[in-house]
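Participant: First residue of the sequence shown: 175, per the working numbering; consecutive thereafter.
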Amino acid sequence: MAICSRRLAALAPVCLLTLICATGCTGVRDYVHNGFKVGPNYKRPAAPVADEWIDSQDPRVSSVPGDYRAWWTIFNDPILNNLVLTAYQQNITLREAGFRVAEVQAQRGVVVGNIFPQLQQVEADYTRTQRSQETALFPSIPAGSPFGNLAAPQFSNWRVGGSLAWELDFWGRYRRAIEGADARLNASVEEFDDALVLLIGEVARTYVEFRTIEQQLEVARENAELQSESVRVAEARLKAMAAESELDTPQARANLGNTLATVEALEIQRRQAQNRLAVLMGMPPHDLNYLLDGPAGIPTAPDTVAVGIPAELVWRRPDVRRAERLVAAQSAEIGIAQSELYPHISINGTMGWEAAQFSDVFKSSAFGGTIGPSLRWNVLNYGRLLNNIRVQDARFQQLVANYQQTVLQANEEAENAIVAYLHFTDQVRVREESAKQAREAERVAQVKYREGEIDFNRLFTVQQLLLNQQELLAIARGNAAQSLVDLYRALGGGWEIRLDPSVAGGSTHELPAGPPLPSAAEALPLPQPELEGGRDEE
């Protein structure tokens, strides 16, 4: 071991001289400053973010940071709360994302293992040799003499031992690899969180769609009752021998039939929305009427919404954080590529026991071994190595651009959702007044038709107006609620349920259980302290 230490000490000046020749004095200072690692230290790239929202002056948009952990609870709908919590616990797509995190976590463990001796193995073998007399070294030596094995036609060899090879991390190659593995693990967690944000948003959107269709069904059925009354009035007038009413009855029946056909089409849409909800909750499509039936209507959007400031998207949206973590991982790849410019210094050693007879294997005289440093340097491949560095740097620049584009798209989605929320809520107020006036017009038209003051065409026109306005009102209310869902999804809210499922505000005791598989929470081996909060590396 003393000889090995002296040899390693002799290699140290060679390594320092190599570093100076390859990088200059500035490179040496950077090498020391970076913790004895070559390559760049990562710093989060700048991203284009606006100072404030376009509609920040609207009193309904508050720049005060909101609590987005359980944004769906603002609708005060216990059924929606339960659906979200169940989807988190049972959704199979989310479970798949959780297992991807487990995979990347295991891959990180493999990378960390490279910092230790890369080869550590125990060996044992037995060899029986049959030697040709024609190739014996000394065929004339008697077999029974002390040197008889030199001429013996056959002999045995028993060996038990181990070997070790350890490439020392002089240039930070393995430490950079660990940095990259950490960043990729963080990115996989952000991918899980992004899938969770999208899942919660999809559950809420589908639920709003379901309630909107229910409202449209209610409107269609109410109008079918009104139109049925018109059919009865038309038939009564025809029986009274009112010649001018001869066309009223078939026209009234056709109008009623059209509305009843609309009811059937809406029933199809209702069942399809229900089936989507079942799949999102990780269960086969089946009848959920026992759960969804009740007084609940279309979720109502609040008058104001807290959206914070655009800069918060950079750290709140999981897809933005994932894009940034991929940049960090690629930055480490540049350092790994640069480390190939320098010599690989290793310590190699073997030790074991070897004897011709098994009974002699573990005698002290049978012990032997080797140890010493080695150096490997690709001095003739610098062109290839430099081009590989350029490749890694180009990939880094691509990911920086992707990160910046992701931030831009996040801003766009949030701005689109804000303007949709503002105008859809305005539209609801307009539609409510229109539906109110259409209802009054239909009431007056019914009275006048019974009294013979107007013909059926006028009544038909008014009834169609009422049906249209009430249907448009239901759609507007659904659009307003869905725009708020889109807004909170664009703001990156909801992934925090992974850290504290109790914030969901629901329970699953009334819901059917999903398939007997591990839950998404079990599939995700998190949280881990190093993966929560501070994700930036300066």
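Beta carbons: idealized from backbone N, C-alpha and C, even for Gly.
To the nearest angstrom, how far is it from the Cα of residue 218 to the Cα of residue 507?
Facilitator: Whole-angstrom Cα-Cα distance: 15 Å.
Participant: Would you decide whether residue 300 is buried or exposed? Buried here means 16 or more other CB atoms lie within 10 Å of its CB.
Facilitator: Counting Cβ neighbours within 10 Å, residue 300 comes out exposed, since fewer than 16 surround it.
Participant: I'd like the list of long-range same chain contacts for residue 423, defined as Cβ closer than 8 Å, with 5 residues on each side in sequence excluded.
Facilitator: Correct list, in chain order: 405, 408, 409 and 412.
Participant: Taking the alpha-carbon of residue 544 as reference, which of 530, 523 and 561 has the nearest alpha-carbon?
Facilitator: Cα-wise, what sits closest to residue 544 is 523.
Participant: Which residues does DSSP pair with residue 518 in a beta bridge?
Facilitator: In the DSSP output, where bridge partners are listed per residue, residue 518 has 550.
Participant: Does DSSP put residue 300 in a helix, in a strand, or in coil?
Facilitator: Here residue 300 sits in strand by DSSP.
Participant: Which class does residue 433 belong to by DSSP, given the choice of helix, strand or coil?
Facilitator: Looking at residue 433 - three-state DSSP - the assignment turns out to be helix.
Participant: Using a 10 Å radius around the Cβ and a threshold of 16 neighbouring Cβ atoms, would you call residue 303 buried or exposed?
Facilitator: Residue 303 is exposed by the Cβ-count criterion.
Participant: Measure the Cβ-Cβ separation of residue 578 and residue 220 and say whether it is below 9 Å.
Facilitator: In contact: residue 578 and residue 220 (Cβ atoms closer than 9 Å).
Participant: Compute the Euclidean distance between the alpha carbons of residue 366 and residue 273, then round it to the nearest angstrom.
Facilitator: So the alpha carbons of these two residues sit roughly 9 Å apart.
Participant: Look up residue 250 in the DSSP assignment and say whether it is helix, strand or coil.
Facilitator: Three-state result, residue 250: coil.
Participant: Could you check the C-alpha separation between residue 637 and residue 377 for me, to the nearest Å?
Facilitator: Using only the alpha carbons, I get a separation of about 35 Å.
Participant: For residue 464, count the other beta carbons within 10 Å of its own beta carbon; 16 or more makes it buried, fewer makes it exposed. Which is it?
Facilitator: It is exposed - the Cβ of residue 464 has fewer than 16 other Cβ atoms within 10 Å.
Participant: Is residue 294 near residue 338, with beta carbons less than 9 Å apart?
Facilitator: Taking 9 Å as the Cβ cut-off, residue 294 and residue 338 qualify as a contacting pair.
Participant: Would you identify the three-state DSSP class for residue 448, choosing helix, strand or coil?
Facilitator: Helix, per DSSP.
Participant: Just to confirm the assignment, what range does the alpha helix (DSSP H) spanning residue 335 have?
Facilitator: Residue 335 -> not in any alpha helix (DSSP H); beta strand (DSSP E) instead, spanning 328-341.
Participant: Could you tell me whether the segment 530-544 touches the segment 504-521, where touching means 3 or more Cβ pairs closer than 8 Å?
Facilitator: At 8 Å Cβ cutoff, the stretches do not touch.
Participant: Which residue or residues does DSSP assign as beta-bridge partners of residue 525?
Facilitator: Note: residue 525 sits in a beta bridge opposite 336 and 543.
Participant: Just checking my contact of residue 341 with residue 292 at CB under 8 Å: how many whole Å lie between their CB atoms?
Facilitator: The Cβ separation is near 6 Å, so the contact holds.
Participant: Quick one: is residue 239 buried, meaning 16 or more other Cβ sit within 10 Å of its Cβ, or exposed?
Facilitator: Exposed, because fewer than 16 other Cβ atoms sit within 10 Å of the Cβ of residue 239.
Participant: Between 223, 209 and 477, which has its C-alpha nearest residue 486's C-alpha?
Facilitator: With distances taken between Cα atoms, residue 486 lies closest to 223.
Participant: With residue 368 and residue 204 assumed to form a contact (beta carbons below 8 Å), what rounded beta-carbon distance in angstroms separates them?
Facilitator: With a Cβ gap of about 35 Å, residue 368 and residue 204 do not count as contacting.
Participant: So what's residue 237 in DSSP terms, helix, strand or just coil?
Facilitator: Note: residue 237 maps to coil in three-state DSSP.
Participant: With DSSP as the reference, please indicate the residues paired to residue 480 in a beta bridge.
Facilitator: Its beta-bridge partners are 236.
Participant: Name the DSSP beta bridge partners of residue 646, please?
Facilitator: Its beta-bridge partners do not exist; DSSP assigns none.
Participant: Return the residue from the list 649, 586, 425 and 554 that minimises the CA-CA distance to residue 605.
Facilitator: The option with the nearest alpha carbon to residue 605 is 649.
Participant: Between the Cα of residue 335 and the Cα atoms of 607, 589 and 527, which residue gives the shortest distance?
Facilitator: Of the listed residues, the one whose Cα sits closest to residue 335 is 527.
Participant: Which residues does DSSP pair with residue 295 in a beta bridge?
Facilitator: Residue 295 pairs with 337.
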